[in-house]
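Here the protein sequences line up with chains A and B, keeping their order.
Numbering-wise (UniProt numbering), the first sequence opens with residue 1 and increments by one.
Numbering-wise (UniProt numbering), the second sequence opens with residue 1 and increments by one.
A short write-up of the structure that comes next.
2 protein chains.
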Amino acid sequence: MPAPDSITDKLDQIQSGRESRGQRTRLGLQEAALRLLGHDKSFSSLSLREVTREAGIVPTAFYRHYQTMEELGQDLVADSFRTLRQMIRSVRTDGLPSSGNMIQGTVQVLVQHIHANRLHFQFIARERFGGYSSLRASIRDEIHAFGQDLATDLAQFPILNRWDPESVQMLTTLMVNTMVSIAEQILEAPANDAAAEAEIVRRAERQMVFISLAVPAWKPKAAKPA
Amino acid sequence: MPAPDSITDKLDQIQSGRESRGQRTRLGLQEAALRLLGHDKSFSSLSLREVTREAGIVPTAFYRHYQTMEELGQDLVADSFRTLRQMIRSVRTDGLPSSGNMIQGTVQVLVQHIHANRLHFQFIARERFGGYSSLRASIRDEIHAFGQDLATDLAQFPILNRWDPESVQMLTTLMVNTMVSIAEQILEAPANDAAAEAEIVRRAERQMVFISLAVPAWKPKAAKPA
DNA sequence: GGTGTTAGTGAACGTGTGTACACATCCTAG
DNA sequence: CTAGGATGTGTACACACGTTCACTAACACC
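Pasting the structure below:
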């Protein structure tokens with residue numbers, strides 16, 4: 001395969017140990033911040049020195065990677081939603097588990113993903129209405145984009161396919177709100193309390209079923225042109 | 001009416017100018033904190049000195065009223081939900097406006113109340129998942145209590161009156177979530193943008209109508225004994 | 001193999017913070 | 001009128017903070 005140097009090769013050249021030194025400590029800063037947010041702290045009450053201390057680095061080295069804490073926050077937002085998009089994509093290719101019931105499968109995937117990325121979700125939940133307005137804006141936009149993504153998946157249902165776009169968006173907003181609420185409940189529940197969590201899941205499923213019952217009764221404004 | 005000294009009289013004795021000095025500056029601290037939260041700041045990133053400075057008081061005087069900032073926060077939570085309960089009570093006695101349509105009336109009252117108590121709502125939204133776990137817990141409990149309150153009002157509908165309690169709670173949870181979402185959208189929208197706000201209200205009403213469509217289709221577990 | 005860029009270090013600064021303490025002022029009760 | 005508790009003041013200290021600067025170490029490239 002005498003292919004010419006690709007972008008991937010270029011990247012590999014920079015990497016000495018899987019990642020360049022810079023990338024590694026940059027990642028270290030992100031993880032340090034997330035770890036600190038796990039305890040009782042909001043991002044805006046997190047100090048630069050605290051983060052660098054947790055990352056095992058001298059405070060001034062922070063500036064090699066970010067001009068300000070707000071920039072770190074933006075990076076964390078982007079990262080969190082990147083993993084969320086991976087979740088959607090994997091569902092699209094591999095399908096849902098417990099394939100008989102779509103709602104149960106969806107909730108199950110969501111909960112698993114929350115557990116696998118607990119700190120990311122905690123960060124998003126905490127900063128969605130936190131101190132930095134730029135972070136609030138980014139998160140709002142990302143959640144909206146997630147809703148749009150969900151809408152395209154929902155289009156597989158013939159009924160919804162004939163709805164006007166605004167009605168579809170209303171449905172997705174409602175579902176996203178529910179999913180956000182589920183995430184927040186899971187995060188707030190005492191970790192490792194399986195019983196409490198099962199109860200949350202059960203209620204969430206009932207709630208989603210309830211919402212779905214409204215679908216056949218809804219009269220969209222105008223049929224979508226075929 | 002030669003009634004004996006009542007509690008009210010006792011209170012009046014303490015008050016020199018409508019409120020005792022202590023009460024006044026205590027209130028000053030609360031308002032100062034709320035004002036500061038209006039700008040880009042979360043409560044946990046608010047410093048004791050900042051609050052006292054805004055309140056026009058020397059830092060050490062803070063301790064005459066609260067042991068810690070967290071205590072101030074608890075006071076603010078209690079205050080915010082006290083005004084919320086007033087809203088419910090006034091609706092119960094005076095009824096909804098635009099009495100023809102219950103959903104429109106409800107949304108209208110909510111939005112008016114948010115504007116009249118913008119800072120309180122902003123505080124709650126910001127601290128619902130903010131840095132202090134004790135505040136998160138208090139807010140969660142208060143919201144839950146609000147839902148219970150709503151449930152009793154919903155019981156005026158005969159259909160719901162025959163639902164099992166858990167189904168009713170699911171409905172109220174869904175409605176409370178929607179109302180919280182409305183509040184958050186209103187707060188996040190640029191203040192004094194009437195058009196944007198009208199759009200939010202319109203969408204919220206549609207969403208509430210949609211939810212209500214599921215009610216007739218829902219099959220509660222068991223009929224409530226008459 | 002030397003050289004220049006990139007990433008991390010260490011000391012130092014001015015400023016803001018929480019809290020302790022002794023003191024001044026207000027207001028009420030006797 | 002005055003004694004005493006409640007409320008607010010001013011000073012002081014030890015510490016954490018963000019940011020500066022000159023420095024060293026690591027690594028990529030010719």
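Glycine included, every Cβ here is placed at the ideal spot set by N, Cα and C.
Because the structure is a prediction, the values reported are computed rather than measured.
Q. Would the beta-carbon of residue 42 of chain B fall within 8 Å of that of residue 131 of chain B?
A. yes
Q | CB contact below 8 Å: residue 132 of chain A versus chain B | A | yes
(Q) Residues in the same chain with beta-carbon distance under 8 Å from residue 46 of chain B, minus the five sequence neighbours each way, listed in chain order, please. (A) 33, 36, 37, 69
**Q.** Straight-line gap, residue 151 of chain B to residue 76 of chain B (C-alpha atoms, nearest Å)
**A.** 25 Å
Q) By Cβ distance below 8 Å, which residues in the same chain neighbour residue 136 of chain B in space, the five residues on each side in sequence not counted? A) 127, 128, 129, 130
Q: Return the CA-CA distance between residue 141 of chain B and residue 91 of chain A, expressed in angstroms with no decimal places.
A: 35 Å
**Q.** Segments assigned alpha helix (DSSP H), at least 4 residues, entirely inside the region 134–162 of chain B
**A.** 158–161
Q: Could you work out which residues of chain B lie near residue 207 of chain A, taking near to mean beta carbons separated by less than 8 Å?
A: 170, 173, 174
Q.
To the nearest angstrom, how far is the alpha carbon of residue 156 of chain A from that of residue 185 of chain B?
A. 29 Å
Q) Hey, how far is the Cα of residue 121 of chain B from the Cα of residue 146 of chain B? A) 14 Å
**Q.** Whole-angstrom distance between residue 200 of chain B and residue 215 of chain B, CA atom to CA atom
**A.** 24 Å
**Q.** Touch test, the region 16–30 of chain B against the region 53–72 of chain B, Cβ-Cβ under 8 Å, three pairs minimum
**A.** yes
(Q) Going by C-alpha to C-alpha distance, which of B:139, B:148, B:94 sits closest to residue 188 of chain A? (A) B:139
Q. DSSP on residue 68 of chain A, reduced to helix/strand/coil?
A. coil
Q.
Does the CB of residue 142 of chain B have a neighbour CB from chain A at under 8 Å?
A. no
Q) Going by beta carbon distance, what residues of the same chain come within less than 8 Å of residue 144 of chain A, once the five residues before and after it are set aside? A) none
Q. What's the gap between the Cα of residue 204 of chain B and the Cα of residue 182 of chain B?
A. 7 Å
Q: Would you kindly check if the distance between the Cβ of residue 167 of chain A and the Cβ of residue 97 of chain A is under 8 Å?
A: no
Q: Mind checking the region 68–86 of chain B against chain A and listing, in chain order, the residues whose C-beta falls within less than 8 Å of any C-beta there?
A: none
**Q.** Closer than 9 Å at the beta carbon, the chain B residues around residue 217 of chain A
**A.** 210, 213, 214, 216, 217
Q: Within 10 angstroms of the Cβ of residue 14 of chain B, are there 16 or more other Cβ atoms? Answer buried if so, exposed if not.
A: With a pLDDT of 41 at residue 14 of chain B, under the threshold of 50, the modelled position of that residue is not reliable, and no figure is offered here.
Q.
Tell me the residue span of the alpha helix (DSSP H) that contains residue 222 of chain B.
A. Counting along the chain, residue 222 of chain B falls outside any alpha helix (DSSP H), and DSSP gives it neither H nor E.
Q. Using DSSP with H/G/I as helix, E/B as strand and the rest coil, what is residue 234 of chain B?
A. Outside the modelled stretch of chain B, which goes from 1 to 226, sits residue 234 of chain B, for which no answer is possible.
Q. What first and last residue would you give for the alpha helix (DSSP H) that runs through residue 120 of chain B?
A. 118–127
Q: Give a yes or no on whether the C-beta atoms belonging to residue 109 of chain B and residue 208 of chain B are separated by under 8 Å.
A: no
Q: Note down the Cα distance separating residue 21 of chain B from residue 72 of chain B, rounded to an integer number of angstroms.
A: 18 Å
Q: Under 8 Å by Cβ, that's how I've got residue 117 of chain B and residue 83 of chain B pegged, so tell me the actual separation to the nearest angstrom.
A: 5 Å
(Q) For residue 44 of chain A, tell me which candidate among A:179, A:59, A:123 has the shortest Cα-Cα distance. (A) A:123
Q. Which chain A residues sit within Cβ distance under 7 Å of residue 125 of chain B?
A. 129
Q: Measuring alpha carbon to alpha carbon, tell me which of A:113, A:103, A:74, A:206 ends up nearest residue 89 of chain A.
A: A:113
Q: With residue 52 of chain B as the anchor, note down where its alpha helix (DSSP H) starts and where it stops.
A: 48–55
Q) Does the distance from the C-beta atom of residue 154 of chain A to that of residue 174 of chain A stay below 8 Å? A) no
Q.
Can you pull the chain B neighbours of residue 40 of chain A, defined as C-beta to C-beta under 7 Å?
A. 131, 132, 133
**Q.** residue 39 of chain A (DSSP reduced to helix, strand or coil)
**A.** coil
Q: Could you please give the first and the last residue of the uninterrupted alpha helix (DSSP H) stretch that includes residue 198 of chain B?
A: 194–214
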